[in-house]
Structures are given as structure tokens and as C-alpha cells.
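Q: Residue numbers (my numbering), protein chains in the order written: chain A, 107 to 380; chain B, 587 to 920; chain C, 9 to 521.
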Amino acid sequence: MSRATLVGATIVVIILVFAVFGPLFTSHDPYASDFLRGISPEHLPVGPNGTFVLGTDRLFRDQLARLAVGARVSLLIGLLATTIATVIGGAVGILAGWFEGRMLDVVLMRVVDVGLAFPFLLIVMALGAALDRTTPITIFITLGLTGWLGTARLVRAKVLLLRHLDFITAARALGQTTPRILLRHVLPNVAGPLIVVSTVSVAQMILAESVLSYLGAGIAPPTPTWGHMLFEGQDYFATAPWISLAPGIAIMLSVLGFNLLGEGLRDALDPQKK
Amino acid sequence: MIQKVLGRLAWAAFVVWATVSLTFLVNHALPSDPARMVAGAQARPEDVERIRRDLGLDQSMYVQYARFFRRLIHVGPHDVRADDSAHATCAAVLGPVHVDLGRSYQLRRPVVALIAERFPRTLLLAVAASLLQAVFGTLAGTIAASNKRTLKDHLAVLASLLGVSAPTFIIGLFLQWLVAYRLRLLPLDGYGETLAEHLACLVLPALTLGIFGAAYYTRLVRDEMIWQLGQDYVRTARAKGLSHLAVVVRHALRNAVAPIVTVLGLELGTLIGGAIVTEAIFRWPGLGSLSVNAMLDRDGPVIMGSVIVTSVSVVVMTIAVDLAYGFLDPRTLR
Amino acid sequence: MTVASFGDIRAIDPANVGDGLVPQILEALFAGLIDYDHDGNIVADLAERWITGDDGKTFRFFLRHGVRFHDGEELSADDVKRSVERALHPSAPNPYASYFEPIVGYEDFVAGKANELEGVQAEGRYVVTFRLKNPDVTFLPTLAMPVLRPVCKSAGHRYTDTWQPCGAGPFKLEPKGWEHGRQVTVVRHDGYFKPGLPYLDGVRFLFRVNQTSQRFRFTSGELDILADFLAPDLVKFQADPRWKPFGAYHAEHQIAGEAMNTEMAPFDNVEVRRAVAAAIDREQIRLVRAANLRVADQPVPPDVAGHDDSLRGQRFDYEAALEHMKRAGYPYDPVTKTGGYPHVIPYVVYKQGLAEFTAQVLAQQLARIGLRIEIRVVNYPTFLAIRGRRGQSAFGPGSWTQDYPEAQSFLEPLFHSKSIAGEDSNNWSYYKNLRLDALLDQAKRELDDRKRKAIYKEAQQIIIDDAPWAFTYYYRGYTQWQPYVRNYRVHPMWTHEMSRVWLDRAERPGGAR
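(1) Under DSSP, the alpha helix (DSSP H) around residue 813/B begins and ends at which residues?
(2) What three-state label does DSSP hand residue 203/A in the structure shown?
(3) If we define contact as Cβ-Cβ less than 8 Å, is residue 818/B a contact residue for chain A?
(4) Using a Cβ-Cβ cut-off of 8 Å, state whether residue 897/B counts as contacting chain A.
(5) What are the residues of the stretch 148–165 of chain A that lie near chain C, defined by any Cβ-Cβ distance shorter than 8 Å?
(6) Using a beta-carbon distance below 8 Å, is residue 805/B in contact with chain A?
(7) Got a sec? Which residues, its chain only, sit under 8 Å from residue 625/B by beta carbon, not counting five neighbours each side?
(8) Would you say residue 247/A faces chain B, with C-beta separation under 8 Å as the test?
(9) Could you give the first and the last residue of the continuous beta strand (DSSP E) run that contains residue 384/C?
(10) Report, in whole angstroms, the separation of the C-beta atoms of residue 314/C and residue 187/C, which I expect to be a contact under 8 Å.
(11) Please report whether the beta-carbon of residue 690/B lies at a distance below 8 Å from any beta-carbon of chain A.
(12) Pull up the distance between the alpha-carbon of residue 50/C and that of residue 457/C, whole angstroms please.
(13) Decide if residue 133/C is buried, meaning its Cβ has at least 16 other Cβ atoms within 10 Å, or exposed.
(14) Go ahead and pull the three-state DSSP assignment for residue 359/C.
(15) Give the straight-line distance between the Cα atoms of residue 475/C and residue 405/C, rounded to the nearest whole angstrom.
(16) When you compare each of 76/C, 18/C, 266/C, 227/C to residue 305/C by their alpha carbons, which one comes out closest?
(17) I'd like to know whether the C-beta of residue 707/B is nearer than 8 Å to at least one C-beta of chain C.
(18) My output table needs one value for residue 129/C: the three-state DSSP class, helix, strand or coil.
(19) With a floor of 4 residues, list each alpha helix (DSSP H) that falls wholly inside the stretch 438–508 of chain C, ordered by position along the chain.
(20) Starting from the Cα of residue 482/C, find the closest Cα among 427/C, 296/C, 373/C and give me that residue.
(21) Three-state secondary structure (DSSP) at residue 708/B?
(22) Give the secondary structure of residue 153/C by DSSP, where H, G and I count as helix, E and B as strand, and everything else as coil.
(23) Evaluate contact between the stretch 386–403 of chain C and the stretch 606–620 of chain B, counting only Cβ atoms and requiring at least three cross-stretch pairs below 8 Å.
(24) Would DSSP call residue 187/C helix, strand or coil?
(25) Determine, using beta carbons only, whether residue 211/A comes closer than 8 Å to chain C.
(26) Decide yes or no for the touch test of the stretch 741–749 of chain B against the stretch 830–841 of chain B: beta carbon pairs closer than 8 Å, at least 3 of them.
(27) Please identify, using Cβ separations under 8 Å, the residues of the stretch 226–253 of chain C that lie next to chain A, in order along the chain.
(28) Any beta carbon from chain A within less than 8 Å of residue 364/C's own beta carbon?
(29) Do the stretch 79–87 of chain C and the stretch 119–136 of chain C make contact, defined as three or more Cβ pairs closer than 8 Å?
(30) Check the Cβ-Cβ distances between residue 120/A and every residue of chain C, and say whether any is below 8 Å.
(31) For a quick check, are the C-beta atoms of residue 15/C and residue 29/C less than 8 Å apart?
(32) Residues in the same chain with beta-carbon distance under 6 Å from residue 884/B, minus the five sequence neighbours each way, listed in chain order, please.
(33) Using the beta-carbon of each residue, which ones in chain A are nearer than 7 Å to residue 751/B?
(34) Out of 813/B, 827/B, 826/B, which has the shortest C-alpha to C-alpha gap to residue 841/B?
(35) Could you tell me which residues DSSP pairs with residue 68/C in its beta bridges?
(36) DSSP state of residue 278/A, grouped into three classes?
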């Protein structure tokens with residue numbers, strides 16, 4: 107294991123511990139506004155201090171407690187939505203690329219075209235109207251099902267290149283079955299771009315959750331999510347930057363951790379290194 | 587060959603039709619009322635009802651759907667005059683062929699005029715941002731890959747991770763505060779009147795979009811290049827005694843181009859749909875704010891118009907990327 | 009002179025006043041028979057004077073002689089009649105048309121049965137008569153709104169979308185002066201009927217400028233008036249002694265509260281509604297945006313005729329709230345935290361408003377009397393549709409802004425039973441009280457200000473006690489101007505009224521050091 111992977115693993119463990127045991131780090135209630143100590147004389151949120159380690163948010167609630175509760179929701183959504191998007195995108199991309207020009211490819215790619223052209227916001231608005239209440243499950247399904255389109259395109263492009271490379275031609279000549287070639291030879295070689303896309307995607311999904319709530323399909327307040335907290339601090343950015351910075355840094359650290367870990371994972375699986 | 591081209595065009599038309607119809611359907615299924623959005627939150631029911639009738643929203647969905655497609659492309663007089671009420675919302679495209687997307691409920695202007703006004707601006711921003719992304723991303727990614735596991739590489743990776751996880755509004759507000767407000771180098775926002783002003787106003791929004799794009803792109807190019815540099819043909823080329831630079835540029839980069847172009851095409855297609863947050867921060871009058879406001883105001887004709895623009899641009903970019911594979915990679919030519 | 013706004017406008021036409029920002033532009037471009045002055049009183053404008061006759065059912069307006077439109081034509085009584093009919097014709101997208109329903113012949117005209125509006129007649133060149141079906145105190149206040157203001161002959165008899173705005177106001181629109189979604193430029197109308205006015209050469213209204221950009225522009229002197237603030241920025245301006253003298257609050261004419269559906273459980277029980285009204289600590293809710301909110305205790309805001317300080321209004325009283333819960337049959341024990349209403353109540357709110365935040369404080373406060381609410385966020389169009397549809401929403405935020413500064417502008421749409429509708433209801437509580445209906449109808453016909461005030465007092469007391477809403481706050485805007493802007497006063501109706509403002513260029517921008 108390389109040093110980078112080790113750093114990545116450490117970050118991920120810390121974040122997971124924070125998400126699971128986070129509420130134990132603070133005695134404050136993440137849902138209770140503190141109108142006595144959490145508010146400045148100008149009626150603005152207070153900055154980090156002895157009582158509120160990360161300051162208070164715009165409703166004078168403890169940021170640390172909210173960050174901890176938000177970690178569960180946001181990480182769950184970010185990771186699961188990314189997984190769904192990556193699996194679907196990877197599978198569709200590999201199949202379309204391998205069967206390039208045949209009916210399967212044409213149909214799959216036209217579905218991707220329609221999906222990319224269709225206004226995302228409208229789907230979300232429709233979902234928000236159709237669902238009586240939104241839960242993390244409906245959200246990561248929404249995000250997962252809309253997030254795979256670009257990945258499919260990218261993977262397909264990569265597979266088109268691979269098909270003509272010597273080791274694939276060799277495998278075919280040896281009479282290996284298509285599923286076996288796809289799994290043993292194609293998949294490991296598209297893992298690189300997949301990991302890149304999915305690390306970017308984790309951050310995007312966490313942020314996208316808060317966009318959903320603008321349209322009535324996100325997690326309802328007062329439940330905190332990192333994306334929500336980040337955007338709630340937008341108006342206060344010049345005056346009370348900690349409101350946005352705390353979740354912003356949390357998102358960046360998670361992305362860094364998962365990315366380094368993913369990189370290590372990819373290197374470990376790298377077909378060329380064996 | 588001709589058959590292939592025709593097939594491609596037929597599919598393109600199908601994609602546009604399917605997207606438009608789906609949008610129409612979903613838009614109609616929403617429980618909220620466009621007439622209420624026109625009349626305002628405090629309007630009385632009788633006034634809302636009169637406006638609903640005036641907009642033709644009291645008719646059934648099928649009638650409205652049929653009317654939309656009947657109007658969309660039709661034949662009419664050669665020149666559209668402003669006082670001709672039957673063709674008041676038309677644009678003559680090709681002699682007697684007219685395109686009519688109806689009139690915006692909210693802005694009460696022809697949708698073709700709205701789109702004609704905003705499309706060039708959005709295109710300008712999209713192309714500028716994509717160029718920044720392509721140039722910086724490819725450069726940084728290539729340098730990082732050919733110096734793997736050195737300080738340069740680590741810096742590039744770290745910077746790109748920061749770039750992809752920083753929300754657009756933070757980048758945008760920071761650039762605006764620093765460059766436009768403190769240093770006064772560029773205008774705060776807007777679009778300007780002259781070409782020079784357009785370009786000055788373009789820099790910050792393009793940079794805001796470009797930073798995210800370049801960060802994403804750096805990672806992608808780096809990864810692809812590392813993979814390519816590990817391939818047999820690179821070893822062969824090295825063995826032949828080619829210089830490092832020649833190997834990287836002439837062989838690896840050339841081969842890595844297909845996935846890279848794919849992503850660029852995707853990004854460009856999306857950006858033509860509009861960059862919502864960036865447009866709002868910098869008051870860039872593009873399609874993004876138009877279509878988002880239309881969705882939030884339930885302004886049907888504008889929603890349909892902007893979906894047509896995005897679906898056509900997605901289709902065009904797909905075809906362009908497919909063509910690019912052919913040109914760039916000798917093996918797909920066959 | 010430059011002013012900016014966060015929002016946008018969709019039309020510049022008295023017959024289509026759909027946006028909150030457009031009245032200030034209409035006020036600059038169009039003069040009316042009557043107008044509001046800076047103290048909110050109705051005063052003569054294009055009309056020199058008017059006489060009321062027939063027990064308040066006819067109004068004769070005597071026009072000033074020699075008033076010039078922007079195109080140089082003289083205003084005549086026929087122009088007034090034509091403009092009224094243009095604005096009220098069913099083909100105009102006028103969201104305020106029905107406000108003029110008291111005029112004789114309105115129904116026939118709107119239904120297309122009559123070619124002219126019978127109740128509005130020109131008598132010669134300089135006299136216009138309006139006839140009403142019944143005496144109506146809302147007539148003059150609504151006539152002073154921009155809706156029926158005279159427009160040039162170029163506007164014709166019917167509304168069109170392509171008309172270049174042209175009126176008799178102090179400023180005129182520059183040719184191509186409206187760049188959609190970006191700005192409106194108006195310049196001095198040299199033929200304005202008030203001699204010497206306006207002082208300014210012109211005004212530029214910018215749109216869609218976000219609050220941060222506005223602040224940047226204002227402090228660098230590019231903007232002369234700042235009226236949209238992020239909450240923390242406003243706090244800073246108010247605390248800065250250099251800026252303090254050049255800022256003022258707007259009139260308070262918006263009420264916000266929690267609307268409870270009196271047809272749905274548990275709010276069909278008046279004791280539950282009273283418990284909510286007593287459980288809300290309005291001081292805490294105010295702190296969500298302290299610089300703009302004031303604690304409310306009654307539906308009619310302070311700067312609106314009919315507001316009454318002698319009323320016993322709704323106020324925070326925790327013990328009383330628990331008592332009301334007990335009487336409702338849902339006793340709650342705050343020590344053991346048991347009891348209360350057994351079901352979770354959905355609270356429907358929309359994103360991007362203050363209500364999203366006040367709702368979270370409300371939830372904390374109601375939990376203390378045993379009412380658990382679950383906040384459901386929907387987008388704004390859905391919110392409007394749900395709350396106006398009968399039987400859809402039990403609980404949610406309500407807010408109402410005056411159309412004109414009279415209690416009637418609040419009480420009738422929100423609480424009169426005739427405002428209940430199956431769709432698009434404005435009475436979101438579906439509240440019905442025959443005594444209140446009778447009082448409001450009586451007030452509408454009562455022309456004596458003092459007697460009307462007494463009726464409103466009784467009406468408000470009924471609403472306060474029956475609590476179809478729990479009133480929470482009055483919203484008040486704030487405007488900051490540069491030290492060199494002279495003679496500027498925030499107008500209670502139009503916010504910016506520029507005809508007497510001038511700039512003293514010897515003074516430097518306030519931000520310059």
C-alpha cells in the first residue's frame with residue numbers, strides 16, 4: 107500500500123467515525139436554536155468559540171452537531187448515488203462500446219441522448235410533486251438514475267479504443283467468451299476513468315442533493331445535509347464564512363479521502379502491474 | 587455512406603421529438619398552475635381564470651400538444667410583419683418556412699425572439715469555458731502524467747480535487763470580489779454594449795466555469811495518459827529512441843484523445859443548455875436563467891423552446907464527437 | 009441616477025401590473041387622476057379636484073387643462089375613458105381587473121356583452137364621471153393604483169404586447185429604453201404638467217442584480233440607491249455612522265403568519281388554533297432576520313389604516329397555550345413530555361423564502377405544547393396551488409402585502425367567506441364567520457373614517473380571538489442612499505418616487521475614504 111493510499115484510508119476512516127459517532131462529540135442538540143448563547147449582539151450567528159466549536163448557523167444552532175448528523179445523510183447519498191450511477195453508466199458504456207453500430211448500441215445511446223437533453227430540473231419537480239415525502243432513498247435513486255448518462259458516453263468511447271488493442275484481439279482469437287472478455291479484460295481497463303468520474307461524482311451528488319431541495323424533492327429541514335448547510339451559508343459568506351466553510355471543507359476532505367483510496371484500489375487492480 | 591448519414595439524421599430527429607414530447611407530458615403532469623404564476627400570488631380567482639382562458643390553458647392537453655406541433659414548423663408568407671397577428675410569434679427560417687414556438691406566458695414575447703437573443707451569448711460563454719477547460723486540463727493532465735508521483739503530479743491532483751469539490755458559487759463570488767471589486771480589473775457583471783465590453787464581461791464567468799471543468803479534465807487526462815504511457819506501443823516507440831516529449835505528444839496524447847473529446851462534447855452540450863449559477867452571479871443574460879425561470883414559473887412555451895435548443899445541441903455534439911473519433915483516430919476509420 | 013433590483017419586470021403597462029417592482033416605474037412614466045403622496049394620503053394629480061355625490065356613488069373628476077402626454081398630445085376626458093376600458097377589457101392580462109368590479113356596467117363589459125363601460129363617462133373635454141353600484145371606500149384607493157392611469161393614443165383601445173409605453177408622468181421611456189431582463193432607462197419629460205419638475209435628467213433601473221453585486225456597486229459609487237440587502241450586510245450598514253443618516257425603513261404593509269385550515273384537523277378546533285397563537289414566541293421568530301422584521305399581534309400592519317394599538321392582540325403566553333391544549337382535549341405535560349396531539353401535522357412551505365427558516369423555529373416552539381409538525385418543502389408554484397386548493401393543506405405560512413393602505417385590502421381577501429374558492433382561494437384558512445362578513449361589508453360602505461375604524465377594531469378582535477392565522481411578523485424593507493442624493497424620501501406605495509429628487513455632485517460617494 108502506498109503512502110497516498112494510507113492517507114486516503116485514514117481520512118475515510120475518520121470521516122466514517124465522525125458520521126457514526128459524531129453526535130457524541132458535542133452535547134448540543136442539532137435541532138435546537140440557542141437564542142441566548144448562539145446569537146451575537148447584532149443578532150447574527152456567533153463564530154467558533156469554546157461553547158460552539160464550529161460556531162452557529164443562521165438559526166443559531168450548533169454547527170458541529172449539525173455537521174455530524176449531516177455527515178450520515180450526505181455520505182449515504184453521495185456514495186450510494188455514485189455507486190448506482192457508476193454501475194449503470196459502466197455497464198451501458200461497455201455494452202454499447204462493445205456492440206458498436208448494432209441495434210443495442212444505437213438504442214442505448216439514443217436513450218442517453220434523450221436523457222442528456224431532458225431538463226433535469228423538470229424531472230425533479232415532477233418527482234417532488236409525485237412523492238408525498240422524500241427520503242434519502244428516493245434521493246439517491248433520483249440522483250443515481252439521472253447521473254449515469256455522461257459516464258456511459260465516456261466508457262463507451264474508451265471501449266471503442268480498447269476493442270482494437272492487441273490483448274483483446276488475442277483473447278478473442280483464443281476463443282474466450284464475450285462476457286469473460288468484458289469482465290476480465292475490458293472492465294479493468296475502463297476502471298481508471300470510472301474511478302475518476304466517480305470521485306468527482308461524490309462531491310457533485312452531495313451538492314446536487316441541495317439543488318433537489320430547491321425544487322421540493324430534497325431532504326426537508328430541519329434535517330441537516332452538507333449541501334444544504336453549504337448553500338444556507340451563501341448569503342452570510344462575507345460575514346459568517348464558517349457556516350459555509352465547515353460543510354465545504356468536510357465535502358473536500360471526503361472527496362480527497364475517497365479519491366486517494368480509489369486511486370490505491372485502482373493501482374492494486376491494475377492489469378498492467380500484474 | 588448516404589444511408590448512414592440519413593439514418594443518423596432520422597435518429598437525431600427522433601431524439602428531439604422524444605425529448606420534446608416527454609417534456610410536454612411531464613410539464614402537464616405537474617400539479618401547479620401557470621396562470622396563477624402569471625397573475626401573481628395575491629390575484630383573485632376570477633382574474634386567474636380570465637388569464638388562464640386568455641393563454642389557452644383551459645383546453646385539453648391533446649389540443650395543446652397538437653397546436654404546439656402544428657405551429658412549430660409551418661408555411662406562411664415570405665416576410666413576417668409585426669402587425670400580422672397570425673404570424674406574430676413566428677420567425678421565417680427558410681423563405682416561406684416558419685418556426686413558431688409561441689409566446690412566453692410570463693414575458694409575453696415570442697419565444698423564438700427570446701432564444702435568438704440569448705443563444706449567441708450562451709454559445710459564447712460555453713465555447714470560452716470549454717476552451718479554457720480543454721487547454722488547461724490537457725496541459726496540466728499531461729504534465730502530471732508524464733511526471734507521475736513527483737511534486738508536480740501531486741500538486742496537480744490536489745488542485746484538481748479542490749476544484750471539483752468547490753461549489754461554483756464560492757469560486758464565482760470569490761473571483762468577483764477579488765478581480766472586479768477589489769482590483770477593479772474587470773466589470774462586476776453584465777454583458778456590455780461593444781465587442782470589447784462583451785469580452786471583458788466574459789472573462790470571469792468563463793473562468794468560473796472553466797476552473798471546475800479544468801479540474802475535472804486534469805484528472806481525466808492524467809489518468810488516460812498514464813494508461814496510454816503504460817501501453818506496449820509506447821514502450822516500442824521509446825525503444826526506437828524517440829524523445830520523451832515526442833512519445834508523449836505524438837503517441838500517447840493522440841491515442842488518449844477519444845475519451846477526452848467525448849467529455850468535452852458532453853460538457854459543451856450541457857453548457858449550451860445554460861450555466862445557471864454562474865449566469866446569476868455575473869448577470870450573464872443566457873439561456874440558463876431563461877430556462878430555469880421558465881421552469882420555476884411554469885412558463886410552458888419557454889420550457890419547450892429551451893428543451894428544443896438543448897436537445898438539438900446534444901444531438902449535434904454527439905454527431906460531432908462521433909465524427910471527431912473518425913478524424914482523430916486512424917483505427918476507427920478502417 | 010441609478011437604482012438596482014434583484015427581481016425583474018415582465019411588462020411596462022398599467023394594464024398589466026404583474027410584478028412588485030413595476031409600480032415604481034409606472035409611477036415615473038404614468039400620472040393618474042389621483043395619486044398617493046409621501047404620507048400615504050390620496051391627493052389630486054391629473055385631476056385638479058373631484059366631487060363625490062349621490063351618497064358616495066358618483067365621482068366627478070375635473071382634469072387639469074394643458075396636461076401633455078409624452079407624445080405632446082393634450083390629455084382629454086376621452087383619453088381617460090379609453091385608458092380605463094383598455095385596461096379592463098377581457099383581452100388585457102390584467103391581474104387587477106376585478107378590483108374595479110364596483111363600477112357600474114363592469115360585468116357586461118368584461119363578459120363582452122357591452123362595447124363600452126357604462127359607469128365611466130366623459131362630460132366634455134375636461135370632466136370624467138365614475139359611477140359605482142354601491143358606495144365603496146375601496147374605490148379611491150384602487151383608482152390611485154397605477155392600473156387605470158391614462159395612456160397615449162398610440163396605446164389604442166386594446167392591450168398589445170408591443171406598445172412603447174407612453175403616458176403623462178414626469179419621466180418618459182427612452183426609445184429602446186427597456187432592455188428586457190437588464191435595465192429600464194427613463195428621461196425627463198419636458199412637458200410634465202408640474203412646472204420645474206422633475207429635477208433629475210433621468211433614472212436608470214437595473215434588474216436581476218444580486219444583492220452582493222448591488223452592494224459592490226453601491227460602495228463604489230456606481231449605484232445611488234440600495235434597497236436589496238443580504239441580512240448581514242444590512243446590519244453592517246445600520247451600524248455604520250457614516251451610512252446611518254442616509255437610510256430609512258419603508259412603510260410596514262406586509263403581514264406574515266401561520267395559516268391554519270379551519271376545515272382540517274386539528275385546526276377545526278378553535279382551541280388548538282388559540283394554542284398555536286399563544287405558543288409562538290414572536291420575539292424568537294423576529295431574530296431570524298432581526299433587521300427587517302417586527303413582532304406582529306394583529307392582521308393589519310402598522311402603516312395601514314385600521315391598525316389599532318388599543319387592540320388586545322395575539323401574544324406569546326406559554327401557560328395559556330398549554331391551557332388551550334387542555335381545553336382542546338390534547339393536554340400536554342412539559343415535564344414528562346407526554347400527551348399533546350397524537351398525529352404529526354404536515355406543514356407545507358416553499359424553498360427560497362424566509363418562511364423556510366421561520367418554520368424551523370416554529371417547529372421547535374410548537375413541540376413544547378405537544379404539536380409535532382413535519383416540514384414539507386415544495387417548489388413555489390406547487391405551494392401556491394396547494395394552499396389555494398380546498399382541503400389540501402392544513403398548515404403553512406401565509407403572507408399578504410397591501411394593494412392599497414386600507415384594512416379592507418387585508419381582511420377581505422384573507423378572512424371574508426366570499427374569498428373562499430375551491431381553487432385559487434385567497435382565504436387559505438377557509439375561515440367563515442358571518443359576523444365578520446357582515447362587519448367587513450359594512451365597513452366597505454362606511455365613508456366616515458372614524459366609524460370605519462371602530463368597525464375594523466371589532467372585526468380584527470374577532471380574527472385575533474378565532475385565530476385562523478397566528479400572526480408572526482410585519483416585514484419592513486430598508487433603503488440606503490448616497491449622501492449626495494437629496495430630497496429623497498421612501499414612498500409608502502411606490503418605494504422610489506423620483507420627481508423631486510436631485511443630486512448634489514459636490515458630495516462624494518459615501519463609501520469613499
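The beta carbon of each residue, even a glycine, is placed where N, CA and C say it ideally should be.
Here the structure is a predicted model, which means the values were calculated and not measured.
A: For this structure:
(1) By 1-based counting over the second sequence, the position of residue 813/B is 227. Per DSSP, the unbroken alpha helix (DSSP H) holding residue 813/B starts and ends at 781–815.
(2) Along the first sequence, one-based indexing puts residue 203/A at 97. Helix.
(3) The residue you call residue 818/B lines up with position 232 of the second sequence. Under the Cβ distance rule, residue 818/B counts among the residues neighbouring chain A, one pair being separated by less than 8 Å.
(4) Position 311 of the second sequence, counted from the start, is the residue given in the question as residue 897/B. Closer than 8 Å to some Cβ of chain A, the Cβ of residue 897/B qualifies, so yes.
(5) Considering only beta carbons, the part of the stretch 148–165 of chain A lying closer than 8 Å to chain C consists of 148, 149, 150, 164, 165, in chain order.
(6) As a working note, residue 805/B is residue 219 in the second sequence. Residue 805/B counts as touching chain A.
(7) Indexing the second sequence from 1 puts residue 625/B at position 39. Closer than 8 Å at Cβ, skipping near neighbours: 633, 634, 637.
(8) Against the first sequence, residue 247/A aligns to sequence position 141. Chain B contact via Cβ: absent.
(9) Translated into positions along the third sequence, residue 384/C becomes position 376. Residue 384/C -> beta strand (DSSP E) spans 380–386.
(10) Position 306 of the third sequence, counted from the start, is the residue given in the question as residue 314/C. Position 179 of the third sequence, counted from the start, is the residue given in the question as residue 187/C. Taking the Cβ atoms as the reference, residue 314/C lies roughly 41 Å from residue 187/C, outside the contact range of under 8 Å.
(11) By one-based count along the second sequence, residue 690/B stands at place 104. By this cut-off, residue 690/B is not an interface position.
(12) If you number the third sequence from 1, residue 50/C lands on position 42. If you number the third sequence from 1, residue 457/C lands on position 449. A straight-line Cα-Cα distance of about 14 Å links residue 50/C and residue 457/C.
(13) Here residue 133/C refers to the residue found at position 125 of the third sequence. Exposed.
(14) Counting from 1 along the third sequence, the entry for residue 359/C is found at position 351. Here residue 359/C sits in coil by DSSP.
(15) What you label residue 475/C is simply residue 467 of the third sequence in a count that begins at 1. What you label residue 405/C is simply residue 397 of the third sequence in a count that begins at 1. Looking at the two C-alpha atoms, the distance is approximately 14 Å.
(16) Taking the first residue of the third sequence as position 1, residue 305/C is located at position 297. Its Cα nearest to that of residue 305/C, the residue 266/C stands out among 76/C, 18/C, 266/C, 227/C.
(17) Translated into positions along the second sequence, residue 707/B becomes position 121. Closer than 8 Å: no.
(18) Position 121 of the third sequence holds residue 129/C. Strand, per DSSP.
(19) The alpha helix (DSSP H) runs lying completely inside the stretch 438–508 of chain C and spanning 4 residues or more are 442–453, 457–474, given in chain order.
(20) The residue labelled residue 482/C in the question sits at position 474 within the third sequence. When only C-alpha atoms are compared, the closest one is 296/C.
(21) Indexing the second sequence from 1 puts residue 708/B at position 122. In this structure, DSSP gives residue 708/B a helical state, which the three-state scheme calls helix.
(22) Position 145 of the third sequence, counting from 1, holds the residue named residue 153/C. Of the three classes helix, strand and coil, the one that applies to residue 153/C here is coil, per DSSP.
(23) Three or more Cβ pairs drawn from the stretch 386–403 of chain C and the stretch 606–620 of chain B lie within less than 8 Å of each other, which places the two stretches in contact.
(24) For the purposes of this step, residue 187/C is taken as residue 179 along the third sequence, with counting starting at 1. Correct three-state label for residue 187/C: strand.
(25) Here the question's residue 211/A lines up with position 105 in the first sequence. With 8 Å as the cut-off, residue 211/A does not count as an interface residue toward chain C.
(26) Cβ pair count under 8 Å is below three, so no.
(27) Listed by position, the residues of the stretch 226–253 of chain C near chain A (Cβ gap below 8 Å) are 238, 239, 240, 241, 243, 244, 247.
(28) Position 356 of the third sequence, counted from the start, is the residue given in the question as residue 364/C. At a cut-off of 8 Å, the C-beta of residue 364/C has a neighbouring C-beta in chain A.
(29) At 8 Å Cβ cutoff, the stretches touch.
(30) Here residue 120/A corresponds to residue number 14 of the first sequence, with the count starting at 1. No, residue 120/A does not count as interfacial toward chain C.
(31) Start at 1 with the first residue of the third sequence, and residue 15/C comes out as number 7. Start at 1 with the first residue of the third sequence, and residue 29/C comes out as number 21. In this structure, residue 15/C sits near residue 29/C, with a CB-CB distance shorter than 8 Å.
(32) The sequence position of residue 884/B within the second sequence is 298, counting from 1. Beyond the five residues adjoining it in sequence on each side, residue 884/B comes within less than 6 Å, by CB distance, of 618, 620, 623 in the same chain, given in chain order.
(33) In the second sequence, counting from the first residue as 1, residue 751/B sits at position 165. Near residue 751/B (Cβ distances below 7 Å), the residues of chain A are 309, 357, 358, 361.
(34) Position 255 of the second sequence, counted from the start, is the residue given in the question as residue 841/B. Considering only alpha carbons, the answer is 813/B.
(35) Counting from one through the third sequence, the residue named residue 68/C turns up at place 60. Residue 68/C has 59/C, 137/C as its beta-bridge partners, per DSSP.
(36) Translated into positions along the first sequence, residue 278/A becomes position 172. Here residue 278/A sits in helix by DSSP.
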